[in-house]
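Following my numbering, the numbering of the sequence shown begins with 4 at its first residue and continues without gaps. Think of the CB as a built atom: it goes at the ideal place given N, C-alpha and C, for glycine as much as any other residue. Small disclaimer: the values here were computed from a predicted structure and weren't measured. Below: one structure, written as structure tokens.
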Amino acid sequence: MINKEFIAYFKVAHGFFNLCMMSLFCYQGWMGFLIRQARTSGAPAPLDAVRRHRKAGPWFALWGVMGYVAGIIMMLLDKGRVFEYPLHFLTGSLIAAVIVLLYVVSRRIRGADSSYRNIHFGLGLLLLVLYVIQVLLGLSILL
């Protein structure tokens, strides 16, 4: 089994990594908001923001799910079960599911008037809210 001292460091690293992921998803959301704002106002889409949003999204999705998997592995190594902190686990599971849904929906967006754009926007907002809740729950565990 892994030394408990290392587990304490892994918990902090997990929290820091996912705090960084939340920041990256906020950045991604801001890019998406700029694109959406331009589309709804009839202005030309900010091509730089579109390019960055499309390029970074799949990587952020992969890293976000990896943060979830790392949390599960860490709990299994530390406590032997994942339900030690059920609310944190449930919120993390929802975040991972929303990330996967966001990725799947983003692949279905075709054309300027695609109905998937609104679904993508709503799921993105849900993801950001869930991340804030998750960070607060994580801080209550660490502190």
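TODO: Quick one: residues in its chain with C-beta nearer than 6 Å to the C-beta of Ala64, no 5 flanking neighbours on either side, listed in chain order?
DONE: A distance below 6 Å between beta-carbons, with the five flanking residues on each side excluded, links Ala64 to the following residues of its chain, in chain order: Ile102, Tyr106.
Open item on the list: Rounded to whole angstroms, what is the Cα-Cα separation between Phe9 and Asn121?
Closed with: Whole-angstrom Cα-Cα distance: 43 Å.
Task: CB contact below 8 Å: Ser143 versus chain D - done: Note that chain D does not occur in the displayed structure, where there is just one protein chain.
TODO: Report the rounded CA-to-CA distance for Asn21 versus Val68, giving the unit in angstroms.
DONE: Their backbone Cα atoms lie some 10 Å apart in a straight line.
- [ ] Determine the extent of the alpha helix (DSSP H) in which Ser109 is found, giving its start and end residues.
- [x] Annotation for Ser109: the continuous alpha helix (DSSP H) segment containing it runs 89 to 111.
Open item on the list: Taking the alpha-carbon of Pro61 as reference, which of Leu27, Ser118, Pro47 has the nearest alpha-carbon?
Closed with: Taking only the C-alpha atoms, the option nearest Pro61 is Leu27.
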